[in-house]
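Participant:
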Amino acid sequence: MAKGQVMTSVSGYPRIGYDREWKKALEQYWAGKLTRAELEAEMERIELLRLAKLKEEGIDYIPVNDFSWYDHVLDMTVMFGLIPERFGYEGGPVTADLMFALARGTEKAVACEMTKWFNTNYHYIVPEWEGKRPVLTENRPLASYRRAKEKLGIEGKPVLVGPYTYVRFIKGIPQGERRQVLDQFAEVYGRILHELEAEAVSCVQLDEPAFVKPMTADDWQAAQAVYDRLRQAAPGLTLWVQTYFDSVSGFDSFLQLPVDVYGLDFVHGKERNEAALRQTGVPAGKRIALGVIDGRNIWRTDLLAAATWLESIEPIVPRSHWIVQPSCSLLHVPLTAEREHDLPGYIRGALAFADEKVAETARLATHLSQPTAESAALLAASAANVLAWREEPARKRPHAVEAVERLIREAEAAGGRRAPYEQRREAQRRRWPELPLLPTTTIGSLPQTAEIRKARLRFRKGEWSAEAYETFLRQEIERWLRIQEEIGLDVLVHGEFERTDMVEYFGEKLDGFVFTKFGWVQSYGSRCVKPPILYGDVAFREAMTVAETAYAQSLTKRPVKGMLTGPVTILNWSFVRDDVPREQCAYQLAYALRQEIRELEQAGIGMIQVDEPAVKEGMPLKPEDAARYREWAVLAFLLATNGAGPDTQIHTHMCYCDFSDMVETIRRMDADVISLETARSGGDMVDTLRKERYELGIGLGVYDIHSPRVPSVEEIERFIETALTVLPAESFWINPDCGLKTRNEPETVAALKHMVEATVAVRQARSASAKR
Ligand SMILES: [Zn+2]
2 MAKGQVMTSV SGYPRIGYDR EWKKALEQYW AGKLTRAELE AEMERIELLR LAKLKEEGID
62 YIPVNDFSWY DHVLDMTVMF GLIPERFGYE GGPVTADLMF ALARGTEKAV ACEMTKWFNT
122 NYHYIVPEWE GKRPVLTENR PLASYRRAKE KLGIEGKPVL VGPYTYVRFI KGIPQGERRQ
182 VLDQFAEVYG RILHELEAEA VSCVQLDEPA FVKPMTADDW QAAQAVYDRL RQAAPGLTLW
242 VQTYFDSVSG FDSFLQLPVD VYGLDFVHGK ERNEAALRQT GVPAGKRIAL GVIDGRNIWR
302 TDLLAAATWL ESIEPIVPRS HWIVQPSCSL LHVPLTAERE HDLPGYIRGA LAFADEKVAE
362 TARLATHLSQ PTAESAALLA ASAANVLAWR EEPARKRPHA VEAVERLIRE AEAAGGRRAP
422 YEQRREAQRR RWPELPLLPT TTIGSLPQTA EIRKARLRFR KGEWSAEAYE TFLRQEIERW
482 LRIQEEIGLD VLVHGEFERT DMVEYFGEKL DGFVFTKFGW VQSYGSRCVK PPILYGDVAF
542 REAMTVAETA YAQSLTKRPV KGMLTGPVTI LNWSFVRDDV PREQCAYQLA YALRQEIREL
602 EQAGIGMIQV DEPAVKEGMP LKPEDAARYR EWAVLAFLLA TNGAGPDTQI HTHMCYCDFS
662 DMVETIRRMD ADVISLETAR SGGDMVDTLR KERYELGIGL GVYDIHSPRV PSVEEIERFI
722 ETALTVLPAE SFWINPDCGL KTRNEPETVA ALKHMVEATV AVRQARSASA KR
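Note that our numbering has the sequence shown beginning at 2, numbered continuously upward.
1) Considering only C-alpha positions, which residue in the set Gln429, Glu411, Gly350 is nearest to Ala384?
2) Kindly give me the distance between the Cβ atoms of Gly698 and Asp673, rounded to whole angstroms, as I take these residues to be in contact under 8 angstroms.
3) Can you tell me whether Ile409 is helix, strand or coil according to DSSP?
4) Extract the residue ranges of the alpha helix (DSSP H) inside the segment 657-735, only unbroken runs of 4 or more that lie entirely within it.
5) Quick one: what's got a C-beta closer than 7 angstroms to Cys329's C-beta in the same chain, skipping five residues either side?
6) Could you name the residues of the same chain whose beta carbon sits closer than 8 angstroms to that of Met663, not counting the 5 residues immediately before and after it, in chain order?
7) Does DSSP put Ala593 in a helix, in a strand, or in coil?
8) How is the alpha helix (DSSP H) around Val547 delimited, first residue to last?
9) Short check: CB of Leu52 to CB of Leu197, under 8 angstroms?
10) Using the Cβ count rule (16 or more neighbours within 10 Å means buried), how would you classify Gln326?
11) Does Ser661 have its Cβ less than 8 angstroms from a Cβ in chain B?
12) Give me the Cα-Cα distance between Ala102 and Ser250, rounded to the nearest whole angstrom.
13) Could you give the DSSP three-state label for Leu439: helix, strand or coil?
14) Out of Glu613, Ser661, Ser770, point me to the one whose CA is closest to Thr570's CA.
15) Under the criterion of a Cβ to heavy atom distance below 7 angstroms, does Glu678 qualify as lining ligand 1?
16) If contact is defined by three or more beta carbon pairs under 8 angstroms, each pair taking one atom from either stretch, is the segment 36-47 in contact with the segment 351-370?
17) Smallest Cα separation from Arg457: which of Leu447, Ala469, Ser446?
18) Beta carbon of Pro737: closer than 7 angstroms to some heavy atom of ligand 1?
19) Taking DSSP as the reference, what is the three-state secondary structure of Gly619?
20) DSSP has Cys529 in a bridge; who is on the other side?
21) Take the Cβ of Asp671 as the centre, count every other Cβ of all protein chains shown within 10 Å, and call the residue buried at 16 or more, exposed below.
22) Between Thr760 and Leu493, what straight-line distance do the alpha-carbon atoms span, to the nearest angstrom?
23) With DSSP collapsed to three states, give me the class of Thr373.
24) What are the residues that DSSP puts in a beta bridge with Trp241?
25) Count the other CB atoms, across all protein chains shown, that sit within 10 Å of the CB of His400; report buried if there are 16 or more and exposed otherwise.
26) Give a yes or no on whether the C-beta atoms belonging to Lys24 and Cys529 are separated by under 8 angstroms.
27) What distance in whole Å lies between the Cβ atoms of Leu741 and Ile717, which are believed to be in contact at a cut-off of 8 angstroms?
28) Would you say the beta carbon of Gly619 is closer than 7 angstroms to some non-hydrogen atom of ligand 1?
29) Return yes when at least one heavy atom of ligand 1 lies under 7 angstroms from the C-beta of His654, else no.
30) For the 8 angstroms Cβ check, are there 3 or more pairs between the segment 562-580 and the segment 496-507?
31) Provide the residue span of the beta strand (DSSP E) that contains Val111, from first to last.
32) Please go through the segment 284-366 and give each complete beta strand (DSSP E) segment of 3 or more residues, from N-terminal end onward.
33) Nearest to Pro591 by CA position, among Asp685, Lys531, Gly567, Ile651, is which residue?
34) Between which two residues does the alpha helix (DSSP H) containing Ala762 stretch?
35) Would you say the beta carbon of Gly740 comes nearer than 7 angstroms to a heavy atom of ligand 1?
This is the structure we're talking about:
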């Protein structure tokens with residue numbers, strides 16, 4: 002007997018297409034190889050294909066308007082006519098070219114900023130506030146709804162970034178005006194919803210992930226006011242407010258919003274959401290969208306466990322009021338695991354990308370609506386599959402696990418740190434007595450020319466032998482060593498020419514990772530990444546970076562810095578197994594890197610950089626979870642590095658990091674030298690350093706590597722002088738902001754020359770004034 006129909010939904014679906022045809026179309030259009038009409042036709046084809054797919058899978062609430070030509074936040078900005086002055090917009094419809102201009106910049110106008118969408122690797126275009134009232138240039142959700150209906154007969158569910166979250170993202174709203182701005186947006190959202198209601202749209206989803214971030218009583222009051230207005234604007238429309246990526250901050254307030262469906266994440270932040278749900282209940286008649294399938298990760302769900310859990314909340318919300326769905330938009334996972342034939346069967350069988358997750362959602366709801374022998378068997382098979390995966394012997398490396406446990410125990414007993422910094426500094430000074438004050442260096446990668454990329458590809462495809470490839474790499478290393486010496490840099494690098502990507506490179510050389518063929522995920526605009534998959538225990542196989550680094554060192558008397566990617570960064574830029582705690586994986590990675598550091602030391606490499614650019618982005622969304630994360634992130638870094646001798650100089654590097662909230666964590670990482678990106682926030686950094694004395698070695702990025710512009714000697718000099726007002730010269734290093742792989746050779750050489758010239762000038766000025 003049916004206990005009530007359980008509905009299914011999807012919050013969003015990847016837009017890039019099975020062969021990344023979305024990316025290809027965009028890039029061809031930008032290159033002038035596709036007309037506007039051709040682009041439009043291709044985009045529509047891709048959009049309809051995904052809708053048809055969701056329909057075929059039997060999803061009840063099919064998202065429309067989540068599809069975008071670039072970024073869904075930018076779509077909202079365009080819809081509101083929020084075009085910054087510098088783009089010369091004069092009102093009216095916003096063309097696709099103008100939209101692309103905001104995202105990519107033009108000769109006359111710099112692009113809008115881009116930033117990470119919560120703690121994902123998706124980046125959105127940041128809206129800017131210049132005081133102009135938002136308007137409705139075009140009801141885009143309505144247009145998407147009509148397209149789906151006319152072309153496929155689908156009654157789609159328009160998805161929009163909700164007003165509260167959208168306004169929270171706008172940068173430049175003056176203090177104290179946020180409420181008023183929110184009001185203006187509430188009016189425009191009201192019009193959109195009103196028009197959707199008039200079209201007889203049955204249901205609209207407003208995404209409010211900002212509700213999982215800290216929310217004060219005032220914040221909730223503001224949110225309540227907006228939703229009251231939306232309710233008035235469209236009294237008969239089913240309003241669905243969707244949260245994800247963590248638990249809602251303020252469950253009671255959330256449930257007071259005058260909407261019909263409350264969407265909650267029951268994967269990330271599950272314990273808190275569940276406890277609140279059990280405690281508070283759900284107002285009678287309201288429906289609840291239950292995100293029980295992990296939308297962020299790539300593993301299959303134990304559907305039997307999910308069904309059992311759902312049944313446990315039946316006393317709180319009747320089954321007929323459930324909507325089952327993935328925990329968030331599927332934008333963050335690849336499209337299908339079906340084509341990954343090169344992976345071992347036991348891994349492929351454990352994977353669920355977007356399409357598999359959609360199928361899981363449907364399967365779960367079918368069983369819950371009307372259990373049959375067949376549906377029950379499918380659920381049982383799913384549970385058996387997950388169990389087998391958990392027990393799969395090929396994932397287990399007991400020796401590594403044991404060694405890691407031992408290491409942690411030792412670290413805990415000994416405090417985890419190396420010899421005291423002063424002692425290390427002395428040992429390092431003795432090792433490199435010739436190192437001048439304000440040593441100059443780079444962050445690791447040097448320009449990756451088309452020729453280098455071609456060579457790597459040829460080698461990968463088997464067109465080049467290992468010898469031919471190695472000869473090529475050696476030539477390139479040698480050529481760049483000479484260039485660096487000639488520029489006059491003090492600490493040299495080999496250049497990372499052998500690496501396509503700083504995480505992939507290590508993943509390929511460690512046990513415990515696999516790589517997909519088609520597992521692309523959108524990172525920003527047309528750019529897609531293919532994250533490695535950490536599927537089992539990680540273990541060191543053999544030296545990963547010694548050959549190139551030692552070769553570089555053999556060519557010069559100056560120190561060559563070895564380059565490793567840190568444990569937390571490898572973790573945060575991969576899809577990670579979810580059957581053991583994340584920190585466990587971080588420690589295993591750390592142990593493998595620790596062995597690599599040993600190998601480097603034995604090969605005579607004395608300076609080793611362990612890059613951790615992604616520490617900040619793994620930070621939990623809730624402040625109350627941050628301390629634990631910092632704790633294990635620091636421990637992972639220490640486990641990787643604290644085996645190094647006192648006269649080995651450990652460097653680390655972070656870009657994308659707000660030094661002021663990271664300084665304590667950075668200090669505890671105890672690296673001898675950290676290099677930070679500063680050029681774009683130079684002033685702030687200096688301010689922070691004034692307040693927060695930093696005792697260990699620190700390199701400040703003295704120029705922005707994201708732009709082709711070559712900085713002048715004078716401006717670098719000025720920057721160094723300013724920094725010297727807050728940093729002791731003895732601990733200050735000079736470097737660019739980040740790696741140079743995206744820059745070309747002439748601009749790199751010119752910029753580095755200026756950097757060295759500026760440093761020399763500062764050194765001379767100091768010794769002159771010291772003599773006086
Ligand atoms: Zn960097």
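C-beta atoms are modelled at their ideal positions from N, C-alpha and C, and glycine is treated no differently.
Given the structure is predicted, the values throughout are model-derived calculations rather than measurements.
Facilitator: According to the data block:
1) Gly350
2) 5 angstroms
3) helix
4) Positions of the alpha helix (DSSP H) runs, each at least 4 residues long and wholly inside the segment 657-735, are given as 660-670, 683-692, 714-725 in order along the chain.
5) Excluding sequence neighbours, Cys329 sits near Ser12, Tyr245, Phe246, Asp266, Gly292, Gly296, Arg297.
6) Val616, Lys617, Met655
7) helix
8) 547-555
9) No, Cβ-Cβ distance for Leu52 and Leu197 is not below 8 angstroms.
10) By the Cβ-count criterion, Gln326 is buried, with 16 or more other Cβ atoms from all chains shown falling within 10 Å of its own Cβ.
11) Reference to chain B is not applicable here, since this structure consists of a single protein chain.
12) 36 angstroms
13) coil
14) Glu613
15) yes
16) no
17) Ala469
18) No.
19) helix
20) Beta-bridge pairing links Cys529 to Gln523.
21) buried
22) 16 angstroms
23) coil
24) Gln206, Val262
25) exposed
26) yes
27) In fact, because the Cβ distance is near 15 angstroms, the residues do not count as touching under 8 angstroms.
28) no
29) In this structure, ligand 1 has a non-hydrogen atom nearer than 7 angstroms to the beta-carbon of His654.
30) Contact between the segment 562-580 and the segment 496-507 is present, with at least three C-beta pairs closer than 8 angstroms.
31) Counting along the chain, Val111 falls outside any beta strand (DSSP E), and DSSP gives it neither H nor E.
32) 288-294, 323-327
33) According to the sequence provided, residue 591 is Ala. The question's Pro does not apply to it. For the residues Asp685, Lys531, Gly567, Ile651, the minimum Cα distance to Ala591 belongs to Gly567.
34) 746-772
35) yes
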